[in-house]
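Some notes on the structure that comes next.
Protein chains: 4
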Amino acid sequence: MQVMTFSPEPGAGFAVDGYARATCKIGVLCVTYGAGGHNVVNPVAGSFSERVPILVISGGPGEEKRKLGVLIHHQAKEIESQFHIFQEITCAAKIINDPRTAATDIDAVVRAVWLHQQPGYIEIHQDMVEREIEVPREVLEWDGTLAHAHSDPRKVEEAARDTTARFNRARKPAAIIGIETFRYKLTREIVELGEKMGVPCMTTVLAKGAFPMDHPQYMGVNIGPISPPPIRERVDEADLVLNLGTLLTDMNLGSRLPHLPREKSIWAVQNKVDISYHTYTEVTLRDYVKALLKAPLRQHHEKVEYCDNLAPQPPGDARQIQVSDMLWEVNKFLQGRKGYMVVAESGDMLFAGLDIKVGHCGTYLAQGYYASMGFGVPGALGAQIGTGQRPLILCGDGAFQMTGPEICHAPRYKLNPIVILMNNGGWGIFRPVTERQDLLALPSWPYAQLAEAWGGRGFHVQTVGELRAALAEADQIPSFVLIEVRVDPYDLSPVTIKYIKASVGQEQ
Amino acid sequence: MQVMTFSPEPGAGFAVDGYARATCKIGVLCVTYGAGGHNVVNPVAGSFSERVPILVISGGPGEEKRKLGVLIHHQAKEIESQFHIFQEITCAAKIINDPRTAATDIDAVVRAVWLHQQPGYIEIHQDMVEREIEVPREVLEWDGTLAHAHSDPRKVEEAARDTTARFNRARKPAAIIGIETFRYKLTREIVELGEKMGVPCMTTVLAKGAFPMDHPQYMGVNIGPISPPPIRERVDEADLVLNLGTLLTDMNLGSRLPHLPREKSIWAVQNKVDISYHTYTEVTLRDYVKALLKAPLRQHHEKVEYCDNLAPQPPGDARQIQVSDMLWEVNKFLQGRKGYMVVAESGDMLFAGLDIKVGHCGTYLAQGYYASMGFGVPGALGAQIGTGQRPLILCGDGAFQMTGPEICHAPRYKLNPIVILMNNGGWGIFRPVTERQDLLALPSWPYAQLAEAWGGRGFHVQTVGELRAALAEADQIPSFVLIEVRVDPYDLSPVTIKYIKASVGQEQ
Amino acid sequence: MQVMTFSPEPGAGFAVDGYARATCKIGVLCVTYGAGGHNVVNPVAGSFSERVPILVISGGPGEEKRKLGVLIHHQAKEIESQFHIFQEITCAAKIINDPRTAATDIDAVVRAVWLHQQPGYIEIHQDMVEREIEVPREVLEWDGTLAHAHSDPRKVEEAARDTTARFNRARKPAAIIGIETFRYKLTREIVELGEKMGVPCMTTVLAKGAFPMDHPQYMGVNIGPISPPPIRERVDEADLVLNLGTLLTDMNLGSRLPHLPREKSIWAVQNKVDISYHTYTEVTLRDYVKALLKAPLRQHHEKVEYCDNLAPQPPGDARQIQVSDMLWEVNKFLQGRKGYMVVAESGDMLFAGLDIKVGHCGTYLAQGYYASMGFGVPGALGAQIGTGQRPLILCGDGAFQMTGPEICHAPRYKLNPIVILMNNGGWGIFRPVTERQDLLALPSWPYAQLAEAWGGRGFHVQTVGELRAALAEADQIPSFVLIEVRVDPYDLSPVTIKYIKASVGQEQ
Amino acid sequence: MQVMTFSPEPGAGFAVDGYARATCKIGVLCVTYGAGGHNVVNPVAGSFSERVPILVISGGPGEEKRKLGVLIHHQAKEIESQFHIFQEITCAAKIINDPRTAATDIDAVVRAVWLHQQPGYIEIHQDMVEREIEVPREVLEWDGTLAHAHSDPRKVEEAARDTTARFNRARKPAAIIGIETFRYKLTREIVELGEKMGVPCMTTVLAKGAFPMDHPQYMGVNIGPISPPPIRERVDEADLVLNLGTLLTDMNLGSRLPHLPREKSIWAVQNKVDISYHTYTEVTLRDYVKALLKAPLRQHHEKVEYCDNLAPQPPGDARQIQVSDMLWEVNKFLQGRKGYMVVAESGDMLFAGLDIKVGHCGTYLAQGYYASMGFGVPGALGAQIGTGQRPLILCGDGAFQMTGPEICHAPRYKLNPIVILMNNGGWGIFRPVTERQDLLALPSWPYAQLAEAWGGRGFHVQTVGELRAALAEADQIPSFVLIEVRVDPYDLSPVTIKYIKASVGQEQ
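Going down the list, the sequences are from chains A, B, C and D. Heads up: the first sequence begins at 7 in this note's numbering, then just goes up one per residue. Heads up: the second sequence begins at 7 in this note's numbering, then just goes up one per residue. Heads up: the third sequence begins at 7 in this note's numbering, then just goes up one per residue. Heads up: the fourth sequence begins at 7 in this note's numbering, then just goes up one per residue.
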């Protein structure tokens, strides 16, 4: 196990999330009681919300101090306050204060983390640290495997039969792949199922990357009403949409419910399968997919064309660069190269990233639902540790000012992301909808210089050609690289523009 | 009311705390629901713990979304989770979701913030934003005053009588001034009382600054067993120690209870007065001090000598600078200048700052008890907004890497702190007690360059003379100034050295 | 509205439950704060558990007393303790302490009581009693109707279609009627549906009476493995069992899950319909039944024979009477008479009552699941108030000693139940399974004399003939009547005997 | 240990309370989960409220059933609901479900019961019943003693010194003895202290019996403003009132705070001592009294005259008897006889009982504060089991109809109380203040006949002479005796009359 330190704590929290998110393994986050614990509430809430399995370990005051009845160093309302706070953002939380039950308590939290793919919390009493604990035989002899949720096999079978019948009756079925397929390590099975069915496969926003983007059946990201027209039309035409592992919430980048008619859709998620207006409970995605792989599904042979939201790139390399140019250039850059992953920060880059195409089994990560600013850089560092893939980070200047300086830790862990820092001089995504523009301005930082000072390489680019050249050079640089891309303050990514238009429309 | 923005949210939280801490007015912090609210848990817990009156206002999902039953953008376990979290770190929290009671609910939270001098929380439902609310006459006609806690006048009188008798019997009384005197705006009365009694006055760590440091009766900071010897001896000799507003917790920089024998001491704090082994409840510090000001106290005329923990400064300006040199130089700098305040970061600088002497009614701020890293720079920005005094910030490199970049916001708010950044290349305070030194190293940042890039001035100094010169120059610079002081990795402040020695001793 | 008083409070609680249970209207129970409220916890928990809609109104201390901070007359741990206790046994509970929201709070509790068919709780602050309250227009103009739960019409439709297909494929379908059909006033529709389907209809224990016992399709009570053999066999043969309103818990008089294979059964209860291994949520029983009434169900014409657990009655009127004789005699008595209802106490009589056949639309009541002793007499009084039917109460001596004396209130409310008090001198039902028989003995009471003293008529019978004669005479007596039937200490009802045998078998 | 059964559960609850209340030992109450547990909420709340140490043991569903997820026999909202309910009315509650911690959990509950002198609750999982548990050495080797609360010896000493100084300055001191003296088994020490001080000793209502009523210094019961005039005057004259173990709540039979000026009074209760306007915390009554016994208290020699609220008894034995006659006769009866205790029911008899004088170390019991109806008869049975003293129960007809029939259990436990049943035909105490008199009427019961039927002896008396004769005869009867005393419906006890007058006055 590798120990890494970050500063401040939110960076550590995002890094652990990035590690777990990219590897589907449990990441472990150690914090001090009080200021440390309170400072990771936000990243842990993000992991909870997007179902990333991490284990938070915190110290805690011992019995002696509790009995003293005085306030303890670093305390909130009560000594148990930090525990209560973590109960709100974890699937299991325990205070370890009894050597007789410590082993089974810890075991139970770890198992819950795996079962629910959400954070767990352990607070170890200061005076437990040196104590010997009772470890029952079943823990001592544990073989290291962690159980997933169980299905009722009769329900699985009926659900698969029901699905097969409907699928085989359908003339234009399609599949939307959700994040659970990735969390439960089902990517291989999903691809196999997609091929067996021969239908177009899309992903949701949160699940971008859960289906190989360069697979011939991959059609792109479904973002509901603001999807690329071919996707919207294909879904409208579908007489059966199979949603695999799609959380209801992550469909539209908003909180509106999806518009798929239920009689034409199937939803398999959160250990149940909804088919038309009825439900199979106690059916895990894992078991459902495996049952479908064995079912006599009729094979389609639909030809699928990948689509995104990018207009054709205008010609000319000396042009002032725009966000959409950056997306074109990154796509070109990635097309010929293996070993890269992409991490998109929250904000405009979250939307922009939807038009990135990572091939060659490269990972794609973003906080597609919780969308906390600050995830990008530290999350990418954690992800590189876990996967070895080199991250290409899409990040705005606002988010970079939050946690971007964590990049300074990259050299000593031999990490070398390429940060594409889109500098529009402020909180650009709010500019179209805010009256007081002055509240959105951000101070200017010498990003490229900073990169150099921190042991990386810095570039400052303003034209399409400069970016292309910088990327090409970065590919050869062994250290981390930061490319500051100066764009117009009002320039936004294609999806953001559609999203804002849709939101404003919705409110009127 | 001035609106300021910071990035990320923890900076905003510390800035509001600094404002309220320096001015004794209520600071207001606005955050977005979810990532925003979760990200200020740490600074708000610090305000709670050290009794700083701030009001947190968050948005919240409306009824429509709650009824949908789906997960909402930015959510933790339940829609009420953020509310539950803030219940743990505020003295009053309300969800505003009923136009009939909104006005009285908000009124109640604000009154509680003032009464307890702790944070309050208001979460405003999205669909309440445009609603007209009922405002009862008593709120409409409110004169803007907020009530402090009430005393029982008969208890106040008996406590003052009891105190007077004991004080007048004592031959060597002394006074220790605690943070409540400052929170409840009693500095003037405390000075008057100190002069009336004519006894030596010390402060606790958390209350440093609550008694004028250049007052002839001020003796310095009492840090329990590691106090400067004259202070320790004077307290040991005392036959009566009057503790005014001293929270039990902040005596020893640790969690040990103070060693003052109760039969020789009086504690007035948290609305009660303990005299010898008995207690007067329902006696506020405010009313107790006022009663003592009218009581027939015998006047002493003890000559008091100020003392700190600094050894005499070795001669020579070209020497490699040490932490103690910095303290000597800052003290000299401050001696002749008005309009400065000092803000000490957590870590070694929290201890170092105890040897700083701010005169001329300058404010001194530090998180003396909760001690979260990251308070210094943003806290100082908020404090300058509130008081107009120019902050001199003592800050280590570790803490600066957490929230120091917030200094980039200084220019646009016309703020001009002087940051003395003590760069020892890592988490120096843990070096004497940690095995894995590699976990304590920090990457190097080009601090002085950064300062220039952010619109301030940067200095890099290595000798005593260079620091003196840089400070003198900074005094004349209208913008903010950052002076990076390079010190030996194992150099620590005098109090830190004593503290670590004492802690290690305690555990063995 | 009629005000009645009982003594002590448990009697009042059971009476209100009996009223609501028999009429399907909301019963109202008023108690004093403290001893009064605490004393009805048991009957209210019973109403909660068996879904009887009652409203509990309690007083509560006012603000003045709360502020005093002293313990209040009749208090538990905290002033809010009684409220917390009732939160555990009601579907909605409110403290009425704000005149601005009082009307909507009360309205919300009443609506919840109706929606969930469970108790609600209102605690009215003492100082609210004389206050004028704001009543919003929608409450003022309320038309008196209370809403049932809503269905999703598309789910109803699909569920009905699914059901119809399966029903029409089935060759030997059967129906089991559960208590929800009665709570939601669907008896008429259920009978119509039963006739339309032409299949045998049984009830569960808790629902006995929900299907007319003298209807030609009524087959009797299904008690799972200890049912009368024809019922057990018919269910085993069924290729589809339609369970309408059957709570899972009340099938077997125990806690074992029912043994109906799910692929051959349909369960419509608690606003959902389970068909085979899938589920339709948001489908109320009411809407489901109405949809089935319109569906093209194939009609069966199965001839159904009513059956119970009674062996043929041995000849001879002068014989020492047994429990089974009593059941034979009561059945004969009821056969020719209208206007009677039957109420069975908990204990042996709960099981015995399953062999009673009430015809002529007479009500049958028992606490078939919660099974608290003491329900019988007061419950019957409440039920007679509500329905006007004369109760025939089956009650053991143990239960009678608990709340039987409430019968003394009958005369002044012009109530005239006939109590058949089966006196076996103790807690007979435990005799076969208890070592310490002495703990099961009960003192003897002069029941018949007591009845006379309380304004009723008392009989003491020992033979079959005597009981028959006493019943015949009781029929003519306008006042209440108590018939003490002396039976052997070890005599038990047929179902009890089977139940004990099955329980003992299960544990071994 | 003796096992007793009662019916229904409330009787068992009151009996256990009576046992513990009379003996100051822990009483144990076993109930079944659900109906049993819910049915003892009221008596247990009474024990909690009046600080009677009892241990409630309930069964509970096992893991198997919990996992089944179905509703369990006898359940409320959740399986944990009964546990939550008991948390509100006990000082410690645990669910026993882990064999590793079962022993220490049970040990902790028992210790808490003793420490707080309040009920504790243990719920034993069904599947724990046969399990072997770990018992740590300290539990195995426990010597059977249970600790009282600890004092801070320096506080005890200062409090005693402070008290002594004030007592020795006082010219007319007096003492009021409260219930804690009895609960903590300090009666002997209190008498010794009273004799050492030589001052008049009164008790509060709840503590009647805690100071021997026939002691020459005993002055009677202080009932605040409605006390007998000599008591009221003596307290008004007092320049120091020493309140020993007096709960603030039980002074005035109401909720008003006592009118003793604090500068002239001392209150030792609930582990603290209030002297004038200051407080000594962490001083137990036990340690305080022991310190006073050693302190140099000046001895007074005040001559004390016992007084009550009874007007002189009018002459004539053939008169229609009144409540006050009954009190006179009972006092005469008790004067010459040893071995009797008195138990007063709630209602008019709670007030009436204050004029009873039990001598010869006889116990006196009543629920003086919680005042639940129904305590009398079962409480007396428990008390006789515990003490062997024969109870003389004062009971109204209303309360007797609640739990009076429990007397039928007396013969088999060889208990022989004398019940004086004051029959005024209804809820007499409310008659002066209620408009709807019809709601207060109660049916008539043949009480004397019932007593005979239940194995006791019954008397019906109407004149003074008849009562005297019946009592004399009862004294000789070995079985229990019930004497029904028929009084006028509007006749009330002297204290009740004063109380109602005072209450009505207070509200106007």
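A virtual CB, placed ideally from N, CA and C, is assigned to each residue, including glycine. This structure is a prediction, so every number in the text was calculated from the model and none was measured.
What first and last residue would you give for the alpha helix (DSSP H) that runs through D:Y312? To locate residue 312 of chain D, count along the fourth sequence from 1; it is residue 306. That residue, D:Y312, is in no alpha helix (DSSP H); it is neither H nor E in DSSP.
Using DSSP with H/G/I as helix, E/B as strand and the rest coil, what is A:P515? Not covered by the structure: residue 515 of chain A. The range shown for chain A is 7 to 514.
Residue range of the beta strand (DSSP E) that C:R492 falls in? Looking up residue 492 of chain C in the third sequence gives position 486. Counting along the chain, the beta strand (DSSP E) containing C:R492 begins and ends at 487-492.
Inspect the beta-carbon positions of C:E412 and C:V383 and report whether they are closer than 8 Å. Looking up residue 412 of chain C in the third sequence gives position 406. Looking up residue 383 of chain C in the third sequence gives position 377. Yes. Within cutoff.
For A:H265, count neighbouring Cβ atoms within 10 angstroms of its own Cβ and tell me buried if that reaches 16, exposed if not. Reading the first sequence from its first residue, position 259 is the one you call residue 265 of chain A. Answer is exposed; the Cβ neighbour count stays below 16.
So, does the CB of A:E351 fall closer than 8 Å to a CB anywhere in chain B? Sequence index remark: in the first sequence, residue 351 of chain A carries index 345 (1-based). It does not; no Cβ of chain B falls within 8 Å.
So which of D:C401, D:T469, D:G66 has the shortest CA-CA distance to D:V37? For the purposes of this step, residue 37 of chain D is identified with residue 31 of the fourth sequence, where counting begins at 1. Ranking the options by Cα distance to D:V37, first place goes to D:G66.
Give me the subset of the region 99-132 of chain B whose CB atoms are less than 8 Å from a CB atom of chain C, sorted by chain position. Residues D104, R106, T107.
Please list, in chain order, all residues of the same chain as A:A109 whose beta carbon is under 7 Å from its beta carbon, the five residues on each side excluded. By one-based count along the first sequence, residue 109 of chain A stands at place 103. Within the same chain, and ignoring the five residues on either side of A:A109 in sequence, the residues whose Cβ sits closer than 7 Å to its Cβ are I139, E140, V141, P142, V145.
Whose CA, out of C:L360, C:E335, C:P234, lies closest to the CA of C:K214? Here residue 214 of chain C refers to the residue found at position 208 of the third sequence. Nearest neighbour of C:K214 by Cα position, chosen from C:L360, C:E335, C:P234, turns out to be C:L360.
Note down, in chain order, all residues in the region 264-298 of chain D with a beta-carbon under 8 Å from any beta-carbon belonging to chain B. For the region 264-298 of chain D, which is checked against every Cβ of chain B, the residues closer than 8 Å are R268, E269, I281, S282, Y283, H284, T285, Y286, T287.
Checking 8 Å against the spacing of the C-beta atoms, do A:M347 and A:Q395 come in under that value? Counting from one through the first sequence, the residue named residue 347 of chain A turns up at place 341. Counting from one through the first sequence, the residue named residue 395 of chain A turns up at place 389. Between A:M347 and A:Q395, the CB-CB gap stays under 8 Å.
Output, in chain order, the set of chain B residues within a Cβ distance shorter than 9 Å of D:E164. Taking the first residue of the fourth sequence as position 1, residue 164 of chain D is located at position 158. Going along chain B in sequence order, the residues near D:E164 (Cβ under 9 Å) are E269, S282, Y283, H284.
Thinking C-alpha only, which one of D:E198, D:E243, D:R474 is nearest D:H221? The sequence position of residue 221 of chain D within the fourth sequence is 215, counting from 1. Answer by Cα proximity: D:E198.
Restricting to Cα atoms, I'd like to know which of C:E163, C:G226, C:L212 is closest to C:P218. Here residue 218 of chain C refers to the residue found at position 212 when the third sequence is read from its first residue. Looking from the CA of C:P218, the closest CA among C:E163, C:G226, C:L212 belongs to C:G226.
Identify, in the order they occur along the chain, each residue of the same chain with its Cβ nearer than 6 Å to the Cβ of C:N258, setting aside the five sequence neighbours on each side. Within the third sequence, numbered from 1, the residue matching residue 258 of chain C stands at position 252. Residue placement at C:N258 cannot be trusted, given a pLDDT of 47 that sits under 50; what the coordinates show is reported in the next sentence. Excluding its 5 nearest sequence neighbours in each direction, C:N258 has C-beta neighbours in its own chain below 6 Å: G230, listed in chain order.
Are the Cβ atoms of C:G33 and C:V22 separated by less than 8 Å? Locating residue 33 of chain C in the third sequence gives position 27, where the first residue counts as 1. Locating residue 22 of chain C in the third sequence gives position 16, where the first residue counts as 1. In contact: C:G33 and C:V22 (Cβ atoms closer than 8 Å).
In the DSSP assignment, find the unbroken alpha helix (DSSP H) run with C:N174 in it and report its ends. Here residue 174 of chain C refers to the residue found at position 168 when the third sequence is read from its first residue. That run of the alpha helix (DSSP H) goes 159-175.
What does DSSP give as the partner residues of B:G464 in its beta bridges? Counted from its first residue, the second sequence places residue 464 of chain B at position 458. Looking at the DSSP assignment, B:G464 forms a beta bridge with B:L488.
Select from the region 223-242 of chain C all residues with a C-beta closer than 7 Å to any C-beta belonging to chain A, and list them in chain order. The residues in question: there are none.
Chain D contact for C:S87 (CB, 8 Å cutoff): The sequence position of residue 87 of chain C within the third sequence is 81, counting from 1. Yes, C:S87 counts as interfacial toward chain D.
Identify the residues that DSSP records as bridge partners of D:D280: which are they? Counting from one through the fourth sequence, the residue named residue 280 of chain D turns up at place 274. For D:D280, which the question treats as bridged, DSSP gives the partners D:W273, D:T285.
B:V47: contacting residues in chain A (beta-carbon distance under 8 Å): Position 41 of the second sequence holds residue 47 of chain B. Within chain A, the residues near B:V47 are H44, N45, V47, N48, I91.
Apply the 10 Å Cβ neighbour rule to C:T285 and answer buried if 16 or more other Cβ atoms are within range, or exposed otherwise. The count along the third sequence starts at 1 and reaches residue 285 of chain C at position 279. C:T285 sits buried, since 16 or more C-beta atoms from the chains shown fall within 10 Å of its C-beta.
Determine the burial state of C:T151: buried for a count of at least 16 other Cβ atoms within 10 Å of its Cβ, exposed for fewer. Here residue 151 of chain C is taken as the residue at index 145 of the third sequence, counted from 1. Exposed.
Since A:L246 and A:F357 are thought to touch, with beta carbons under 8 Å apart, how far apart are those beta carbons, to the nearest angstrom? Here residue 246 of chain A corresponds to residue number 240 of the first sequence, with the count starting at 1. Here residue 357 of chain A corresponds to residue number 351 of the first sequence, with the count starting at 1. At roughly 29 Å, the Cβ-Cβ gap does not stay under 8 Å, so A:L246 and A:F357 are not in contact.
One question on the structure: do D:A180 and D:V211 come within less than 8 Å of each other, judged by their Cβ atoms? Start at 1 with the first residue of the fourth sequence, and residue 180 of chain D comes out as number 174. Start at 1 with the first residue of the fourth sequence, and residue 211 of chain D comes out as number 205. The answer is no: Cβ separation not under 8 Å.
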